[in-house]
Structure formats: structure tokens, C-alpha cells
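Residue numbers (my numbering), protein chains in the order written: chain A, 1 to 564; chain B, 1 to 270. For every residue, glycine included, the Cβ atom is placed at its ideal position computed from N, Cα and C. All remarks here apply to the structure that follows.
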Amino acid sequence: MTEILIKNGFVFDPINGINGEKMDIAINNGKIVESVNSQKAKKIDASGLIVMPGGVDVHTHVAGHEVNTGRMIRPEDHVKDAVRKTVLTRSGVGYSVPSTFVTGYRYSKMGYTTVMNPSMAPLGAKHTHEELNDIPLLDKATFPLIGDWWFVLEYLQKGDLEGCARHVAWMMETTKGYAIKIVNPGGLESWGFGRNVHSIDDVVPNFDITPREIVCGLAKVNKMLNLPHTIHLHTNNLGIPGNYVTTLETMKALESIATEGKPVAHITHVQFSSFGGESWGNLKSAAEEISKYINNHGHITLDMGQIIFSDTTTMTADGPFEFTLYQLSGHKWVNSDVETETSGGIIPMHYKRTSAVNATQWSIGLELALLVKDPWKIFMTTDHPNAGPFFDYPKIIAWLTSKKARMATLKRCHKKAQKKSLLTSISRELSLYELAIVTRAGQAKALGLKGKGHLGAGADADVAIYNINPEKIDIAKKYKTARKAFSSAAYTIKDGQIVVKDGEIVRNVDGRTMWLDVQTREQLKVDEEMKRKFKQYWTVEYENYPVFDHYVKVPEAITVKASV
Amino acid sequence: MILLTPLKKFQFPIHAECINPDVFQGKSKAEIATLIAWEGNRKKKLGDLFKIEETSAETPNITINGDISEVRRVGQSMKNGEIAINGNAGMHLGEKMAGGKITVNGNASGWTGSSMKKGLIEIHGDAGDYLASPYRGSTDGMRGGTIIVDGNVGSDSGCYLRGGAIMVKGNAGQFLGFHMSKGVIYVEKDAGRRLGASMIGGKIVVLGFVDDLMPTFTIDGVKAKAKVDDTLKAVGPFYVFLGDLAEHGNGKLFVSMAKNPQLKNYEAFI
């Protein structure tokens, strides 16, 4: 493999505390190294450019059966964004639910190198991995939905946390997953019976446990297993006015589990969980309450779920929430109850500036990102494609780094939303250093990815170079220049290979799929009782259920030593 | 005026959205001949596909003589001017049209006037399926303008209609006015099954026989006349139905009493 030397760039590497210093980055054999033979190495002249670690996305729905169903119900979404093949790249369609190859190309053009697919029904694991295999240029991992998985509910009901931990470890291997995903805990199981839970102390039908017990139980299990990421939590009552109370209660319930101020939970697309008011008519932002709590506590990390004003497709395992959206919009709707595991729903959604609700939601996302003082606690996402397609990230970058950009958009929003928005009173503008945290370093740290999100020696050689000269351009003023630069990277380097140059794909490489090999002291015994349940309740036989090794094209097993 | 004549019988679909008075405006014959069109997957020049002549007549701006049923997207998004087609027209004729006029002296194919906003399309033959209906999956139906068809129309016409008028002098296929919310559809002869399915507003007037009225429509009364637009009042008497109740709809179906004796049992519920 060739050696590469990136010369004279302004390097932003927050994990190693490097803030815009002019320095060289050396790459050898797919890793960042201290130095290379400067005679032999291929040199990239990065003078006047910024150099960052490759982008990391903590939450983006790019693969799996809900994404594929989303593709099927949205022909009108694809027709407006057809992508032709080139010598190197394959054809496809884009916009809110792009085909797998287009997903890879577009992420890579923005300088992203790692994405997390956060929602996988265990039953759809094989399908999800087949799609992940087809997403080029990116490292990927996927989180199985375990929060409403019958076995877990049974273990928690019995109070057998150790048994639960062994089961979760087995699940990670069986589904080739990376973290515990919990969506509307208890609510999805209730949805199978046409019901939902409305607070964290409602009882889940037939299981006699509460969402509080599920979240806390799995957070403890996560700790016992020493998993690299925390539990990845989509809160109860998501998307319902006044739900910030539930979000605060959930965070408070997790306080006692935290030790040494380390995060124990990641609350995802928090914008949808920070609604104040009592109804859609008087929806208001609860960003102040949420950010105040986060600023005073260290056990939670967040990601934004920022609204982009565009025609997109919402898809989540939260079936009851999608039903609420269907009742509001009357749009075409897909609902599913995934046997004993989870549920799901899909509905197209057009977020409009001229809608008071949508414009307020837009404001809430940015308020949260700006009011949470520590950038290591909140990351940039759109919960692609729920709040907007990922290729609009440069727009969010502009809003975060420039008050001028925010005001320009706010000015065009619904009057009622303008009046309620806190954005006029917030003058904070993220620096490039902070931006590197919210788009890569913070996310990599929260995910426990040791080789990602930084440019220290030994890290994976995933590098993004953007055409901005921080000495000459103030991105707070020239936000359009910044938007352009971040939407097409000058270079993207993946595993030591230049894959993007000047916003064009120049080489195709396969990314790896990371999964956890959790080693517990005692392995889960797959007994006759478990097999009997599979036979009785699942449509797939136990023998056909696991994702076998050959399913994953380029696997990267991460070994974790559990303490049980 | 520009006169276009196909140079051969087209074997592959031609995509020629460049055949549009707005595009031709101010261009010489030679410039028009260099406009891009696609024949199958090959990029071609318009001059390779059509004989292009210029005449002194003012209107229509473009006349096409000959069968162009394989030529798609003629007059797409046109805003002004007039196109006359002496022969059969291809799919997506006048799609997203925002003004002007298209006349077809022959039959039109599917998706004619799809998502149109303004203007007039006259078809002096039959129209295909999906007349005025939006692209599959889209809810962005016709918003305004008028489509007049002298012959029959196929199925799924006027889907997601949001305004404007569709006048059919022949029969209509099934699913006429599916999910329409505003606007008028007028059929002088018979209408197929699932008439007005999922409609939430607007008006459909049928002078002929209605095959299998949906059970999700409720009778509202009997009226002697039905107003179609400012110039036309259809003479009945008509049964008036409200629906589609499955969508909490408030659309109106005017169905001829004389031609539909099978609906007589509804009279008990008036």
C-alpha cells in the first residue's frame, strides 16, 4: 500500500487537542503513522486547506428492511434525483431514501468515512447486512433493536440481569450488531396490541414491567458487558408536544447507574424529544430545560435530529408514533409489527418553513446544539432520513457556525415560530475545532471507536480535507463558502486510499462492517425452551436465524471482555 | 411556425422535452436541429429524428405531422404558445404544463397533462391511462387548466386532481378521480368501477351508466342540473352522492338517474 504525506494543512484533531496547527499527517498501510519516507510517499499539498479526521455519523438509517420499504413507497422521491453511472461509480437513485451505492458515494463526497445504522429489527439482520455490504467507501455498524425483544423483557421481568447480559452478548454475535438500540421502550410491544405507553412508569401489557425498568436494566447490562457504546435510546412519547418531561424523567432515572460521570446512555434525535407546550397549536421549545439538565450532568450524550426543510421520508421502529403522524397528515403510511421483536412505520413528510410546527422543530434542534455548552455531549445528525436527508449536513454546519446563516433562514420561517424561537438571543458560533467534535471526534468517542475520529498515530487513515483557509475566511461571515466546501471535500482518504478528489469519486473501496464479539465468562446456553419459543413465535427457524460470518463481506470483529 | 415531420417510424422511445414553444422561441431552424433528444439510450439531435421546416404562419407555433406515439414529453413544462399534433401523441404530453395550448388530432397516450397547472389540452381522439394524474407515488396532481377529450379515457384518470377541469365526451375507465380533492371531472358516457375512490373533495359528473358504485358513498339527494363550469350546466336529473367516507371525504358524485336504474334503492335513504 502506498505511503501518503498530507503536507501543511490546518489540522483539527480535537481528541489529540490539535486546533488548527499547520502540520503534516503521514499515512502508511492504512494507518496514521508518525512519519513516512518523504521521498517515496505520495504527497498531498494541503496548504490553505483544513484537515480533519473522516466524518463519523452516529445515527443514520441507511440500510435494513424499513429503509427498503421506504424506497418502495417513494417512487416520486427517486424520479427527481436519478444518478447516472460513471466509469467508476454505479447508477442509482437518490434523495431521501437513496440506493445503497449512492449513499456511500454521497457520504464520501462530504468527507464521511464511518456511519452507524441505528435501527435493525433482529429478524431483518441478514437483509441489513446484505445492504451494508453494498454501501461502498464507508465503515459501518448496525444496532439491533433489543428494547422490546421478548427474551430481554422476560429476563428483566425476572430481575435476572446476568442472564440478560449473556443473552444480549449472544444477540450481538447472532445479529452481528454493535450496540443496544432501544426505541420507545415498552411502547413497541404494546403496539402489537394496538396500544402505547405514555410515561416511563406505564406497565407494558403481558410483561408487567415499565419502560423505566427496561431502560435502567439494559443500561446496567450494557455496563456489565463493557460495550464500547452506551445504550442508544429513542425516548418514550417521542414527537408529542410536552414530551420533554418524559425525556427529563428518563435521564433522571439513569443518574444512579452512572459512575465517574461517564455516559451511560445516548439519547438520539433529541430534537423530537424536546417539545414543550400541550398541543400542536402551542408547541414550543423545551431546549432550555433539556440543555440545562445536560449542562449539569455528564451521564448522557445526545444527537440533534436537526430538521431540514425538505420533502423527506420518516421511518422508525416507533410504530405508534408513525400512526400519529399518519393521523395528522393522511399521507401514505406503512405499518408493521415485527413479530416478537419490534414494530415499524414509514410515512413521507414535507417539512415546511411556512408551517409553525416544522419551523419550531427546526429551531429546537439548533437551540439544543448551541445551548449545550460542551460539544462532546451533542452531535450533528438529521436522523437521516427522518428529519432530512444526510447530504444536507453542510446546511447544518452553516447554521451552527454562523449566526448570519441561522438568521437568514429564521427570517423566512413562519411568523409564530420566529417569535417563539430562542435563536435570536443565542450568539454562539461553533469554531472549526468544535465543528470537528460534533461531526467526528465526539461521535467516535461516544461510540467507543478507538481508531476513528482522530489523527493520532495508530488511528485508521480516514481523513477528510476541505477547501477552507481559516486564516483567510471567517466561516461565520462567509457561510455559503463553508457550505460549499463541506459538501464536496477536496480529498477524502479511506483506509489510506484517496477515494474522493475535488468532490468526485476517484476510487472504489469496500468499507468494513464492525460487530461486537462479546466474551462473557459463561456463554448463553441455547436450550430447548429457547428453541421451542423460536418454533412457536417466530416465522424463521432458530437454525436459520443467525447472521453467519460469510454474510458480512468485510467483517471486523471487535472483541469485548465482559465482566459477567 | 415550425413544422416537424418524423424521418422514420421510431422503434425506440424518444425523449424530446425540447419540443416546446418556449425552447423554440427565437431559435433559427438550424439551432432547433441541434437540440438534444434521446432515442432509447442514445443521445441524438432533433434534426436527426425530424425533418424541420419553417413556415410563415403564426399559430400554432409548432406543428407535428405524423405518428409520434413513441415520442415522449412533448410540451413538458411549456408556459406559452401552441402545439398541434396531426397524428397520435406519445406519453407525458404536456406534463407539468403551465400555460398555452396543445391540440392532438389523433389519440394521446398515458400521463397526458400529468401534474399540469394551467393551459388547455384538446384531444380529438382517445386518451390513454393516467390522464392528468401525477407520477406514480406522487400526490401532486393537476392544479388548473382544462383537458378536453373527444373520445374515451383509460383508467386512473384525474388522480389527485387539485383543480381545473377534465371533460370527456366518451367513456372513462376505472378509478376515475382517485383521491381527488378539488376540481371537476365531466363524463358524457359511462364510467368504470371504483369511481371517485378515496376522493376527499371536488365534483364528478357522469351522464352515462356507472358500473358498481363504491359502498363508501352515501346518497345526498336528487338534483335537476349539475354545474360543471361557468359555461356548462349538465342536465339531469342526477343522484348526488357524498364521499369517499373511508377518507372522511366530502366529494360529490353526480350520477344520471335515467341511465342508472340499479341505484334506485338509494332513493329510500334520501
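Could you work out which residue in the options is closest to residue i when comparing CA atoms only?
| i | options | result |
| --- | --- | --- |
| Tyr551 of chain A | A:Lys85, A:Thr342, A:Ser99, A:Glu131 | A:Glu131 |
| Lys259 of chain B | B:Asp211, B:Thr218, B:Ile219 | B:Asp211 |
| Ala417 of chain A | A:Ala446, A:Ser431, A:Trp362 | A:Trp362 |
| Tyr293 of chain A | A:Lys252, A:Glu429, A:Arg512, A:Gly9 | A:Lys252 |
| Phe272 of chain A | A:Ile146, A:Val264, A:Ala286 | A:Ala286 |
| Met142 of chain B | B:Lys29, B:Pro237, B:Gly202 | B:Gly202 |
| Lys568 of chain A | A:Gln519, A:Ile397, A:Gly458 | Residue 568 of chain A is absent from the model: chain A starts at 1 and stops at 564. |
| Asp517 of chain A | A:Ile44, A:Val499, A:His167 | A:His167 |
| Ile493 of chain A | A:Gln39, A:Gly111, A:Val11 | A:Gly111 |
| Glu58 of chain B | B:Lys45, B:Asn88, B:Gly81 | B:Gly81 |
| Val218 of chain B | B:Thr55, B:Gly243, B:Arg162 | With the sequence shown as reference, residue 218 of chain B is identified as Thr, and Val is not the correct amino acid for it. For the residues B:Thr55, B:Gly243, B:Arg162, the minimum Cα distance to Thr218 of chain B belongs to B:Gly243. |
| Phe10 of chain A | A:Ser425, A:Asn19, A:Ile146 | A:Asn19 |
| Ser69 of chain B | B:Thr34, B:Ile14, B:Asp22 | B:Ile14 |
| Gly106 of chain B | B:Leu93, B:Gln76, B:Thr55 | B:Leu93 |
| Thr539 of chain A | A:Trp515, A:Glu339, A:Thr174 | A:Glu339 |
| Pro134 of chain B | B:Met97, B:Ile123, B:Phe269 | B:Met97 |
| Asn88 of chain B | B:Thr139, B:Gly110, B:Ile270, B:Gly251 | B:Gly110 |
| Asp156 of chain B | B:Lys118, B:Ile185, B:Asp150 | B:Ile185 |
Return no unless some Cβ of chain A is closer than 8 Å to the Cβ of residue i.
| i | result |
| --- | --- |
| Gly137 of chain B | yes |
Indicate whether at least one CB of chain B lies closer than 8 Å to the CB of residue i.
| i | result |
| --- | --- |
| Val264 of chain A | no |
| Arg74 of chain A | yes |
| Val79 of chain A | yes |
Going straight from the alpha carbon of residue i to that of residue j, what length do you get?
| i | j | result |
| --- | --- | --- |
| Leu4 of chain B | Asn65 of chain B | 6 Å |
| Ile180 of chain A | Ala132 of chain B | 49 Å |
| Arg84 of chain A | Gly277 of chain A | 46 Å |
| Phe379 of chain A | Asp134 of chain A | 26 Å |
| Arg521 of chain A | Ser563 of chain A | 8 Å |
| Val102 of chain A | Leu137 of chain A | 11 Å |
| Lys79 of chain B | Leu233 of chain A | 51 Å |
| Arg440 of chain A | Gly54 of chain A | 7 Å |
| His266 of chain A | Ser35 of chain A | 37 Å |
| Lys475 of chain A | Ile32 of chain A | Residue identity check: residue 475 of chain A is Ile in the sequence provided, not Lys. Rounded to the nearest angstrom, the two C-alpha atoms are 28 Å apart. |
| Thr15 of chain A | Gly458 of chain A | Reading the sequence as shown, one finds Ile at residue 15 of chain A and not Thr. Straight-line Cα distance between these residues: approximately 13 Å. |
| Ser487 of chain A | Thr354 of chain A | 26 Å |
| Lys9 of chain B | Ile62 of chain B | 20 Å |
| Val183 of chain A | Thr235 of chain A | 7 Å |
| Thr216 of chain B | Val240 of chain B | 13 Å |
| Pro263 of chain A | Thr301 of chain A | 7 Å |
| Thr146 of chain B | Val228 of chain B | 12 Å |
| Gly40 of chain B | Asp67 of chain B | 17 Å |
| Pro60 of chain B | Met1 of chain B | 7 Å |
| Ala444 of chain A | Trp376 of chain A | 10 Å |
| Asp202 of chain A | Leu161 of chain A | 21 Å |
| Lys477 of chain A | Val97 of chain A | 33 Å |
If we cut at 8 Å on Cβ distances, does residue i have a partner in chain D?
| i | result |
| --- | --- |
| Lys264 of chain B | Among the protein chains of the structure shown, namely A and B, there is no chain D. |
Assess, as a yes-or-no matter, whether the segment 114-121 of chain A is touched by the segment 57-67 of chain A under the definition of 3 or more beta carbon pairs within less than 8 Å. yes
If contact is defined by three or more beta carbon pairs under 8 Å, each pair taking one atom from either stretch, is the segment 359-372 of chain A in contact with the segment 246-256 of chain A? no
4 or more residues per run - each alpha helix (DSSP H) lying fully within the segment 252-309 of chain A: 287-296
Does the segment 442-453 of chain A come within contact of the segment 312-325 of chain A, defined as at least 3 CB pairs closer than 8 Å? no
If we require 3 or more residues per run, which beta strand (DSSP E) segments fall completely within the segment 219-260 of chain B? 233-243, 251-256
My parser needs the beta strand (DSSP E) runs of 3 or more residues fully inside the segment 60-109 of chain B; what are they? 62-65, 82-86, 98-104
Decide yes or no for the touch test of the segment 164-180 of chain B against the segment 190-202 of chain B: beta carbon pairs closer than 8 Å, at least 3 of them. yes
Count Cβ pairs between the segment 44-59 of chain A and the segment 465-473 of chain A that sit closer than 8 Å; are there 3 or more? yes
I'd like to know if the segment 177-196 of chain A and the segment 320-330 of chain A are in contact, where contact means that at least 3 CB-CB pairs between them fall below 8 Å. yes
Counting pairs of beta carbons, one from the segment 416-435 of chain A and one from the segment 498-505 of chain A, are three or more of them closer than 8 Å? no
Pair every Cβ in the segment 145-157 of chain A with every Cβ in the segment 207-221 of chain A, then say whether three or more of these pairs are closer than 8 Å. yes
Which complete alpha helix (DSSP H) runs does the segment 396-479 of chain A hold, if anything under 4 residues is left out? 403-410, 415-420, 432-436, 442-447
Could you tell me which whole beta strand (DSSP E) segments of length 3 or greater appear in the segment 42-116 of chain A? 42-45, 50-53, 55-57
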